[in-house]
Amino acid sequence: MRTMAILGASGSIGTQTLDVVRANPGKFKVTAMTVNSRASVLFELAREFQPAICGMVHEPDLIPEDLKHIEWIFGEDCNERVVEAAKAQDVLTAVVGAAGLPASLAALEYSERLLLANKEALVTGGELVMGLAARKGKPILPVDSEHSAIFQCLRAKDHNEPESIILTASGGPFRTWKAEDIENAGIEDVLRHPTWKMGPKITVDCADMVNKGLEVIEAKHLFGMPEDRIRVLVHPQSIVHSMVEFRDGCVLAQLGVPDMRAPIAYAMAFPERLPARAERLDLAKTAMLTFEEPDTTRFPALKLAREALKQGGSMPCIFNAANEIAVAAFLQGKIRFGAIVRIIDMTMEKCESGNIDSLEDVRDTDARARAIAAGIAE
Ligand code: NAD
Ligand code: MG
């Protein structure tokens, strides 16, 4: 039985992680959970899973009598403090946004393995996370479906270094839309993802392909692969989750139905594999797997993310902070959909970048970039 802390337990990845725990009795014990503000959901989950420690960013008005035996931790830094107090074997980071960075660093400090869903941690502080993992000799198991696929394909590398990574992308709801229609897309259109059901922030990120940009940066750090050897291919069926190409031209791919419980379960049970609970892949039924180059004219976010990665230092952190501000402004109805990428572009231009040597550097850059992006979004 492995002990687990689940950060962001009430969200899309968090609840699917709990589904995997439920489906495998006796394998995992959830000893800690955090959420942002959904107290009633956390109370229900705490009754079901009986963790020793719970954390919330926003302190609720009261803790129910029957849950007072749990150790409660509140505040912006609840993830880090919960991870330190729980000392679970595994920490799964399913929080959204830059809050995932200190949480991931704490996981590498106090736990045995980091099960990483929160890609923003690597985008904002990839060097810090990978550096700490290397110093501590602790594994990072990717939960993001593309990175899980690459991780699995790389296990067949024998003595060869891979030549390139091919990240697949669904293309999102606007793959076939005209530029002017994408510019003015409504919130409902944006939130209607064709193949995956996810939290609102990442769903917006998928619609303008910012998500794929974040994933290129994530892949660079996780697999130590330079930017020019990470390709992106649009694959609308979301069956091939990603691929690795070797020097002899052989390409290995990992396939499966689009169900996040598969990569979550893979990371949780690694190096074992759990029995499939979800629907199995039926390729005859799928019939067609298609691939196309991404259109960076209609979806310039991918170019911007590559630019940020090439500049390095704190530029990916600036890219991420501007995006978080712009996505929030879009979801509040304050800006057009097309403005998100322009805000990222302008923030990257205006915000001074530098080196990232510490969490403080990330926090400083993040705050400056957020202020600039918010000013543009006004
Ligand atoms: P979500 O919005 O559905 O859920 C976020 C969860 O985190 C909620 O439980 C929320 O209460 C909690 N939370 C937010 N901020 C917090 C904080 N500061 N401290 C503690 N808890 C906090 O988001 P999601 O779609 O589950 O995505 C989570 C992460 O996983 C993101 O980084 C996303 O990019 C990544 N991811 C998600 C998917 C997916 O299918 N949903 C796939 C790949 C990667
Ligand atoms: Mg992904």
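If you read the sequence shown in the numbering used here, its first letter stands for residue -8, the second for the next number, and so on.
No residue lacks a Cβ here, since even glycine has one placed at the ideal position from N, Cα and C.
(message) Tell me the DSSP secondary structure of Asp81 in three-state form.
(response) strand
(message) Using only the alpha-carbon positions, how far apart do His212 and Met121 sit?
(response) 7 angstroms
(request) Quick one: residues with CB closer than 7 angstroms to any heavy atom of the ligand MG, in chain order, please. (result) Asp135, Ser136, Glu137, Asn202 and Glu206
(message) So the candidates are Ile156, Leu293, Ala256 and Arg268; which of them puts its Cα closest to the Cα of Arg238?
(response) Ile156
(request) Answer yes or no: do Leu293 and Val223 have a C-beta to C-beta separation smaller than 8 angstroms? (result) yes
(message) Contact between the region 164 to 177 and the region 228 to 248 is defined here as three or more beta-carbon pairs at a separation below 8 angstroms; is this criterion met?
(response) no
(message) Is it the case that the region 337 to 354 contacts the region 301 to 315, given that we only count it when at least three CB pairs across the two stretches are under 8 angstroms?
(response) yes
(request) Tell me whether Val318 sits in a helix, a strand or coil according to DSSP, three-state version. (result) helix
(request) Give every residue of the same chain whose Cβ lies closer than 6 angstroms to the Cβ of Asn311, excluding the five residues on either side of it in the sequence, and list them in chain order. (result) Glu111, Val114 and Thr115
(message) Excluding the 5 residues flanking Gly88 on each side, which residues of the same chain have their C-beta closer than 6 angstroms to its C-beta?
(response) Glu111 and Glu315
(request) Tell me where the alpha helix (DSSP H) around Cys197 begins and ends. (result) Pro191 to Ala198
(message) Measuring CB atoms only, is the region 316 to 332 touching the region 278 to 286, in the sense that at least three cross pairs come out at less than 8 angstroms?
(response) no
(request) Determine the contact status of Gly66 and Val48, defining contact as a CB-CB distance below 8 angstroms. (result) yes
(message) Would Leu274 and Ile335 qualify as a contact pair, given that the criterion is a beta-carbon distance under 8 angstroms?
(response) no
(request) Evaluate Asn151 with the Cβ neighbour count: other Cβ atoms within 10 Å of its Cβ, from every protein chain shown; 16 or more gives buried, anything less gives exposed. (result) exposed
(request) Alpha carbon to alpha carbon, how far is Gln80 from Ala364? Give it in angstroms, no decimals. (result) 38 angstroms
(request) Check whether the Cβ of Met251 lies closer than 7 angstroms to any heavy atom of the ligand NAD, and answer yes or no. (result) yes
(message) the ligand NAD and Lys110: does any heavy atom of the ligand fall closer than 7 angstroms to the residue's C-beta?
(response) yes
(message) DSSP three-state label for His49, please.
(response) coil
(request) Going by DSSP, name the residue or residues bridged to Trp63. (result) Cys45
(message) Does the contact criterion of 3 or more C-beta pairs under 8 angstroms hold for the region 254 to 265 versus the region 154 to 169?
(response) no
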